[in-house]
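Per the numbering used here, residue 3 is the first one in the sequence shown, and the count goes up by one each step. The beta carbon of each residue, even a glycine, is placed where N, CA and C say it ideally should be. Fair warning: this is a prediction, and the values are worked out from it, not measured in the lab.
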Amino acid sequence: MDMVLLLTVLIVVFAVVFDFINGFHDTANSIATAVSTKALKPRHAIMLAAIMNFVGAMAFTGVAKTITKDIVDPFTLTNGTVVILAALLAAIIWNLVTWYYGIPSSSSHALIGSIAGAAIAAAGFTALNYGGFIKIIQALIFSPILAFVVGYIVYSIFKVVFKNNNLTKTNRNFRLIQIATAALQSFSHGTNDAQKAMGIITMALIVNNYQSSDDIQLWVQALCALAMALGTSVGGWRIIKTVGGKIMKIRPVNGVAADLTGAAVIFGATFIHLPVSTTHVISSSIMGVGASHRLKGVKWGTAKTMLITWLITMPISALLAGGIYLVLNIFL
């Protein structure tokens, strides 16, 4: 096996590992509210999330193409194989660290920051495709803000519509509805998050001259969808605890409002081919719903910790990837 093929296979393996870790790292995002309200038992929630993540991942490829070509140009990327390998290793390390400590950080921020950091280490700041990169950064910044606002509005509408309903009966009905909204949110998660690894593998195939377009091959799509689904089936209980309980006390009506908001914002991003942080979107949806329900009911200390993690993920990932690139470049 020649070195180019060996490194390409290695990248595919690490991309699958990243997608698997992304699956169990982000399982909490789509099912935490349903588990917290007891709409679903944990085992059933994870099975549902795994299936819907797989279906969602097989449904679209637009975000994958954005990852492939909008951060850097894979057709002109200097030492592209080592850049991609370094980026994957850095993103995997950061995901594992934040998972271990139960912090719902963004796999998207980690991957995008890592690609940028490794590319800059390889060829300087001119390596970045600034038009596409800025568009992605804008989506990452504004999507959680939009989710907070929409979550606030959706729950405000719920309060008006259901103000005269019996609380016990309403909660029982919404607990049933939440099964459907959890499935919808898991599907939306698959449509956006699983595509990032697809984009990375496609970058590697282009860089090493195994394909000449940014089309996502079916085997790449299926492999990444399966890895995401398997990772989801493992679950991420540390993060479920944070998202499901440490932001606010969630009732079924809160969970439905948050799920609908998160799914709507993620779907919107997927349809315009933009990667967003599903972690940020879903957590912000819960905060928006919580602020509408009762401002003091939101545990803003947890929100502050999450915000700090969101802010530091991309620069730390970029620096880590740059350092890994420099080390790998000595040996490869």
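Please name the residue, chosen from 320, 161, 289, 319, that lies closest to residue 255 on a Cα-to-Cα basis.
For the purposes of this step, residue 255 is taken as residue 253 along the sequence shown, with counting starting at 1. In terms of CA proximity to residue 255, 161 leads the group 320, 161, 289, 319.
Going by other Cβ atoms of all chains shown within 10 Å of its Cβ, with 16 needed for buried, is residue 197 buried or exposed?
Reading the sequence shown from its first residue, position 195 is the one you call residue 197. Buried, because 16 or more other Cβ atoms sit within 10 Å of the Cβ of residue 197.
With a threshold of 7 Å on Cβ separation, who are the neighbours of residue 19 within its own chain once the five nearest residues in sequence on each side are excluded?
For the purposes of this step, residue 19 is taken as residue 17 along the sequence shown, with counting starting at 1. Here the set comprises 94.
Span separating the alpha-carbon of residue 130 from that of residue 42
Here residue 130 refers to the residue found at position 128 when the sequence shown is read from its first residue. Here residue 42 refers to the residue found at position 40 when the sequence shown is read from its first residue. The straight-line gap from Cα to Cα measures roughly 44 Å.
DSSP beta-bridge partners for residue 74?
Within the sequence shown, residue 74 is the residue found at index 72, counting from 1. Answer is 130.
Unbroken alpha helix (DSSP H) run spanning residue 198, endpoints:
Your numbering for residue 198 matches position 196 in the sequence shown. Per DSSP, residue 198 belongs to the alpha helix (DSSP H) from 196 to 209.
Using three-state DSSP, classify residue 171 as helix, strand or coil.
Within the sequence shown, the letter at position 169 stands for residue 171. Residue 171: helix per DSSP, three-state reduction.
From this set, 116, 71, 62, 110, which residue's C-alpha is nearest residue 87's C-alpha?
Here the question's residue 87 lines up with position 85 in the sequence shown. Nearest of 116, 71, 62, 110 to residue 87, Cα basis: 116.
Buried/exposed call for residue 327, threshold 16 Cβ in 10 Å
Within the sequence shown, residue 327 is the residue found at index 325, counting from 1. Within a 10 Å sphere around the beta-carbon of residue 327 sit 16 or more other beta-carbons, which makes this residue buried.
Contact between the segment 216 to 234 and the segment 56 to 63 (3+ Cβ pairs under 8 Å):
Short answer: they touch.
Which residues in the same chain have their Cβ closer than 7 Å to the Cβ of residue 91, if we skip the five residues on either side of it in sequence?
The sequence position of residue 91 within the sequence shown is 89, counting from 1. Answer for residue 91: 16, 326, listed in chain order.
If I measure Cβ to Cβ from residue 246 and keep anything under 8 Å in the same chain, skipping five residues before and after, which residues do I get?
The count along the sequence shown starts at 1 and reaches residue 246 at position 244. With a pLDDT of only 46 at residue 246, under the threshold of 50, the placement of this residue in the model should not be trusted, and no figure is reported.
Cβ-based neighbour list, residue 331, same chain, cut-off 6 Å, excluding 5 preceding and 5 following:
Working through the sequence shown from its first residue, we reach residue 331 at position 329. Annotation for residue 331: 84 place their beta carbon closer than 6 Å to its own, counting only its chain and skipping 5 residues before and after.
Would you tell me roughly how many angstroms separate the C-alpha atoms of residue 181 and residue 122, rounded to the nearest one?
On the sequence shown, position 179 is the one that residue 181 refers to. On the sequence shown, position 120 is the one that residue 122 refers to. Cα to Cα, the separation comes out at about 44 Å.
Mind checking whether residue 77 and residue 236 have CB atoms under 7 Å apart?
By one-based count along the sequence shown, residue 77 stands at place 75. By one-based count along the sequence shown, residue 236 stands at place 234. Not a contact, by the Cβ cut-off of 7 Å.
Over what stretch of residues does the alpha helix (DSSP H) that includes residue 1 continue unbroken?
No information on residue 1 is available, as it lies outside the stretch 3 to 334 that the chain covers here.
Relative to the C-alpha of residue 265, which candidate in 217, 321, 216, 156 has its C-alpha closest?
Reading the sequence shown from its first residue, position 263 is the one you call residue 265. Residue nearest to residue 265 within the set 217, 321, 216, 156 is 156 (criterion: CA-CA distance).
Suppose the cutoff is 6 Å on Cβ atoms and the five residues either side in sequence are ignored; what does the same chain contact list for residue 316 look like?
For the purposes of this step, residue 316 is identified with residue 314 of the sequence shown, where counting begins at 1. So the qualifying residues of the chain are 111, 115.
Checking 7 Å against the spacing of the C-beta atoms, do residue 218 and residue 63 come in under that value?
As a working mapping, residue 218 is identified with position 216 in the sequence shown. As a working mapping, residue 63 is identified with position 61 in the sequence shown. Yes, the Cβ-Cβ distance between residue 218 and residue 63 is below 7 Å.
So residue 79 is in the alpha helix (DSSP H); what residue range does that whole segment cover?
Numbered from 1 along the sequence shown, position 77 holds the residue referred to as residue 79. Here residue 79 belongs to no alpha helix (DSSP H), and DSSP marks it neither H nor E.
Tell me whether residue 5, by its Cβ, gets closer than 6 Å to a heavy atom of the ligand NAP.
As presented, the structure is devoid of all ligands, the ligand NAP included, so that no description of it is given.
Can you grab the Cα-Cα spacing for the pair residue 203 / residue 6, in whole Å?
Counting from 1 along the sequence shown, the entry for residue 203 is found at position 201. Counting from 1 along the sequence shown, the entry for residue 6 is found at position 4. Computed Cα separation, rounded: 14 Å.
Where residue 194 and residue 297 are concerned, what is the direct C-alpha to C-alpha distance, given to the nearest angstrom?
What you label residue 194 is simply residue 192 of the sequence shown in a count that begins at 1. What you label residue 297 is simply residue 295 of the sequence shown in a count that begins at 1. Near 30 Å, if we compare the C-alpha coordinates of residue 297 and residue 194.
Could you name the residues of the same chain whose beta carbon sits closer than 7 Å to that of residue 142, not counting the 5 residues immediately before and after it, in chain order?
Sequence index remark: in the sequence shown, residue 142 carries index 140 (1-based). Cβ neighbours of residue 142 beyond the five flanking positions: 110, 111, 278, 279.
Distance, residue 308 Cα to residue 144 Cα
For the purposes of this step, residue 144 is taken as residue 142 along the sequence shown, with counting starting at 1. For the purposes of this step, residue 308 is taken as residue 306 along the sequence shown, with counting starting at 1. If you take the alpha carbons of residue 144 and residue 308, they lie about 16 Å apart.
Comparing alpha-carbon positions, which option in 285, 215, 210, 201 lies nearest residue 227?
Sequence index remark: in the sequence shown, residue 227 carries index 225 (1-based). When only C-alpha atoms are compared, the closest one is 201.
On the DSSP letters alone, give me the boundaries of the alpha helix (DSSP H) that residue 117 sits inside.
Position 115 of the sequence shown, counting from 1, holds the residue named residue 117. Secondary structure note for residue 117: its alpha helix (DSSP H) is the uninterrupted segment 109 to 125.
Would you tell me roughly how many angstroms separate the C-alpha atoms of residue 178 and residue 172, rounded to the nearest one?
Position 176 of the sequence shown holds residue 178. Position 170 of the sequence shown holds residue 172. Straight-line Cα distance between these residues: approximately 10 Å.
Which of helix, strand or coil DSSP assigns to residue 223:
As a first step, residue 223 must be located in the sequence shown, where it is residue number 221. The answer is helix: DSSP assigns residue 223 an H, G or I state.
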